[in-house]
Amino acid sequence: MSQYSGKIVFYEGKCFTGQRLEVFGDCENFQDRGFMNRVNSIRVESGAWVCFDHPDFKGQQYILEKGEYPDFQRWNAHNDHMGSCKPIKMHGEHYRMELFESQNFTGQCVELCDDCPFLQSTGFSNNCLNSIKVYGDGATTFIARILEGRNMFATWLTFALVWCTGASQAEVATRECVYYNDNWRTEKTNQSGFERCEGEKDKRLHCYASWLNSTGTIRLVRKGCWLDDFNCYDRQECVATEESPQVFFCCCEGNYCNEKFTHLPEAIAPAVKIQPPQPGPSLLGVLVYSLLPFAILCLALVLACWTYHQRKPPYRHVDIGQDAGLPPPSPLVGLKPLQLLELKARGRFGCVWKAQLLSEYVAVKIFPIQDKQSWQNERDIYLTEGFKHENILHYISAEKRGTNLQMELWLVTEFHERGSLTDYLKGNPVSWPQLCHISGSMSRGLAYLHEDLPYRAEGPKPAIAHRDFKSKNVLLKMDLTAVIADFGLAVRFEPGKPPGDTHGQVGTRRYMAPEVLEGAINFQRDAFLRIDMYALGLVLWELVSRCTASDGPVGEYQLPFEEEVGQHPSLEDLQDAVVHKKMRPVFKDCWIKHPGLGQLCETIEECWDHDAEARLSAGCVEERISTISKTSNTINTSTSECLVSMMTSDSDTDLPPKESST
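For the record, in the sequence shown the residue sitting at position 592 is 617 according to the working numbering, with numbers rising by one throughout.
Below is the structure:
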């Protein structure tokens, strides 16, 4: 606990609603105290605080003084992450700071004794600070504002630092940019304002602007911060230089440098005429004529290398291109700049980034070159003829980035802000209608995946087994509609063709069916579909365990078998529990007594049956959930026992049999 204290209250929702966390001193990790790291409103009741968007006092810092912040995202550039905080030492004594242009306290100097939102307003002409002197204990809060994001505090010291990290004396640091979003209504953000730039310490930051110009009418699309791009280095004005692009784009360095933007196509430089050398002795002429073919060959090689490097796009600002031989999914995809924004997840086969395609957010899954097979398999699944469904993740494009060992394989899909079902259940319980909606849409997507549709106008769709079905691979739209993702291990079953790589023991160990754990798989289509059904039963159990419909308390989120074998079980642990002891996650008595949950628990038991051939099909599960939802949608768990008993007798309807879906 810090010797300096106060009180600050964090709220999960806006306007001080939702889950809350009260803090009176240092708090290294909000999650250790049962609070998720999503913060949308804050109330500072006493003291001054520095808050960090990551645990252990790391990441972007925010200095908060006494007051209320009902919509924190509007104050901190639309970032709702918060992981730790600590109080700041405050004194009422006088303090001052001296900022120097050069190192060792030399060059232009400006003295400050109060907050300064814009340094240039004091007459300081350079954007780079290279040394600072601080006088007085009370300067802690003041210098914290100056050094926000650098995890530095100073009391009674004189020190020197390089304000522009990794920059030379001549570079201009970019800390804030003018912000504009033409699509602000859809994304529910501010339309305009200022954006604070964040990035890696060894990378530069820039401002950018993009706009359309049709028939002389300019329509601004977006303004904001741009990550490290060598095309923007040392540009103090935002000028687009391409001849006539469909979407104009410019970038620059320096605070608010994107406030004004223009289009000035680069002029072709006039050819420089080189005077030929004076003729020399006859021996020199002989040597020139002898070496001329070799010189021409060398020149051609140099020219070829130069042309290749000139045409090679920068890593962070390139246009999306399709893999050779693949038709583009959209006529506009190849025209939009793609920028990686935030790392959202990391797994066995790569990582997933939130990225921006002009004014839209997308997800970019990046595979290393050694996982090319997984990338290629997932791409081929998405490109299956007629493979499109509202409960299957929407595919945009696949492409290769870089060369040789530095090559990366990218898969671009739609982005869902709520993330995976696992992430959602960790921070949110679900009501009975929400459970029915999520489970119904999830089973509907799996039924479509398993279905063999040979007679369709858009072409036949083969049956597909997912082989890694789990709550982490089920994403949620904003209305909690489920979409199935991650087809890196999926297998197609086309008539007359081998299914490809059908190595048996693949997928996530915790969700493996008994026959997979003991290596006794029948390598036929139906056998692989039944493996998916076992995993579906476990995911449905996760949903039921976080449902508020029953009379009992809702426990913390747990993975399947976490209570039985822990968080990191070995293959032998699961073989002993699932195969030999035939254990399954436990149903609580209050779930079984609830009319709707009780019927859903029966369906789950038939999904994870030890006998693979006795398991339900995905289509049957979809029908059962629809029936359960319709017959139980009037249940009110807070009514008297008499009413509950009456509703129970009314809901004793026959569920669809296993044969109802193929």
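We put the CB at the ideal spot given by N, CA and C, even for glycine.
Everything numeric in this text was worked out from a predicted model, so none of it was measured.
Extent of the continuous alpha helix (DSSP H) run through residue i
i, result
"ASN402", "397–407"
"PRO620", "620–632"
"ARG555", "550–570"
"GLU472", "Per the sequence shown, the amino acid found at residue 472 is Ala instead of Glu. Segment 457–475, the alpha helix (DSSP H) holding ALA472."
"LYS451", "446–452"
"LEU542", "539–542"
"ARG534", "From DSSP, ARG534 is part of no alpha helix (DSSP H); its letter is neither H nor E."
"ARG689", "This structure does not reach residue 689, given that the chain is present from 26 up to 687, and the question cannot be answered."
"ARG210", "209–212"
Best match in the options for proximity to residue i [C-alpha to C-alpha]
i, options, result
"GLY50", "VAL69, VAL272, GLU581 and CYS40", "VAL69"
"SER109", "ILE88, GLU93 and PHE440", "ILE88"
"GLY31", "GLU90, ARG45, GLN85 and GLN549", "GLU90"
"LEU534", "THR506, GLN431 and HIS593", "In the sequence under discussion, the amino acid at residue 534 is Arg, which differs from the Leu named in the question. Looking at the Cα atoms, HIS593 is the closest of the given residues."
"SER66", "GLY84, LYS83, ASP81 and GLY92", "GLY92"
"PRO520", "GLY38, TYR386, ASN280 and ILE489", "ILE489"
"ALA507", "HIS419, GLY484, LEU514 and ARG517", "HIS419"
"GLN364", "ASP634, ASP253, CYS645 and GLY241", "ASP253"
"THR266", "ALA329, PRO290 and VAL75", "PRO290"
"GLU589", "TYR582, GLU581 and ASP598", "ASP598"
"ILE417", "GLY465, PHE392, LEU474 and VAL437", "LEU474"
"SER415", "ASN402, ASP448, TRP378 and GLY465", "Looking at the sequence itself, residue 415 is Glu, so the reference to Ser does not match. Minimum Cα distance to GLU415 is reached at GLY465."
"GLU126", "HIS605, MET107, ARG45 and SER156", "SER156"
"CYS222", "GLN216, GLU201, LYS228 and PRO620", "GLU201"
"THR447", "LEU436, ALA198 and ILE463", "ILE463"
"ARG550", "LYS522, PHE392 and TYR281", "LYS522"
"ASP636", "VAL603, CYS461 and LYS83", "VAL603"
"HIS491", "GLY513, LYS413, HIS605 and ASN54", "GLY513"
"LYS451", "GLN56, ASP504, GLU385 and ARG640", "GLN56"
"PHE130", "GLY218, LYS158 and PRO112", "LYS158"
"GLN431", "THR438, VAL437, ILE391 and GLU403", "ILE391"
"ARG469", "LYS413, PRO80 and ASN547", "LYS413"
"VAL75", "PRO112, ILE509, PHE97 and LEU383", "PRO112"
Cβ neighbours of residue i in the same chain (closer than 8 Å, five flanking residues each side left out)
i, result
"CYS626", "VAL569, PHE612, TRP616 and ILE617"
"VAL95", "The amino acid occupying residue 95 in the given sequence is Pro; Val does not appear at that position. Counting only Cβ-Cβ distances below 8 Å, and skipping sequence neighbours, we find LYS39, CYS40, PHE41 and SER66."
"GLU23", "Examination of residue 23 is not possible in this model, given that the chain is present from 26 through 687 alone."
Any non-hydrogen atom of the ligand MN closer than 7 Å to residue i Cβ
i, result
"GLN624", "No copy of the ligand MN occurs in the structure displayed, which carries no ligand at all."
Neighbourhood of residue i by C-beta distance below 6 Å, restricted to the same chain and skipping five residues each side
i, result
"ALA538", "ILE556 and TYR559"
"PRO295", "Here PRO295 scores only 46 on pLDDT, less than 50, and its place in the model is too uncertain to base an answer on."
"ARG229", "ASP253"
"GLU173", "A caution first: GLU173 carries a pLDDT of 39, below 50, which makes its placement in the model unreliable, though a value can still be read off. For GLU173, where only same-chain residues beyond five positions count, the Cβ hits under 6 Å are GLN86."
"GLY132", "PHE125 and GLU126"
"PHE518", "PRO487, ALA488, PRO524 and ARG550"
Residue i: first and last residue of the uninterrupted beta strand (DSSP E) it sits in
i, result
"TRP74", "74–79"
"TYR87", "83–89"
"GLY249", "242–251"
"HIS231", "231–239"
"VAL590", "First-last for VAL590: 587–590, but that is the alpha helix (DSSP H), not the beta strand (DSSP E)."
"GLU597", "From DSSP, GLU597 is part of no beta strand (DSSP E) but of the alpha helix (DSSP H) over 596–599."
"PRO362", "362–372"
"GLN44", "42–48"
"VAL508", "507–509"
"ALA639", "Counting along the chain, ALA639 falls outside any beta strand (DSSP E), and DSSP gives it neither H nor E."
For residue i: DSSP bridge partner residues
i, result
"TYR94", "ILE67"
"THR287", "VAL264"
"GLU433", "PRO393 and ARG426"
"SER654", "Partner(s): none; SER654 has no beta bridge."
"GLU136", "GLU123"
"GLU201", "ARG221"
"LYS228", "Answer is none; LYS228 lacks a bridge partner."
"LYS379", "GLU367 and ALA388"
"HIS419", "In DSSP, HIS419 forms no bridge with anything."
Close Cβ partners of residue i (< 7 Å) along its chain, the five nearest in sequence each way excluded
i, result
"CYS257", "HIS231, TRP251, CYS276, CYS277 and GLU278"
"THR42", "TYR36"
"SER651", "GLY465"
"GLU225", "none"
"GLU567", "LEU450, SER496 and PRO585"
"PHE553", "ALA490, ARG492 and VAL516"
So does the stretch 420–429 actually touch the stretch 541–559, counting three or more Cβ pairs closer than 8 Å? no
Tell me, please, whether the stretch 200–210 touches the stretch 241–249 by the rule of three or more beta-carbon pairs shorter than 8 Å. yes
Under 8 Å: do the stretch 445–461 and the stretch 574–584 share three or more Cβ pairs, one atom per stretch? At 8 Å Cβ cutoff, the stretches touch.
Counting beta carbon pairs with one atom in the stretch 227–246 and one in the stretch 263–273, are three or more of them shorter than 8 Å? At 8 Å Cβ cutoff, the stretches touch.
Meets three-Cβ-pair contact criterion under 8 Å: the stretch 429–443 and the stretch 472–481: no
Tell me, please, whether the stretch 400–411 touches the stretch 500–507 by the rule of three or more beta-carbon pairs shorter than 8 Å. no
Is the stretch 639–654 close to the stretch 599–607, with three or more CB pairs under 8 Å? The stretch 639–654 and the stretch 599–607 do not touch, with fewer than 3 CB-CB distances between them shorter than 8 Å.
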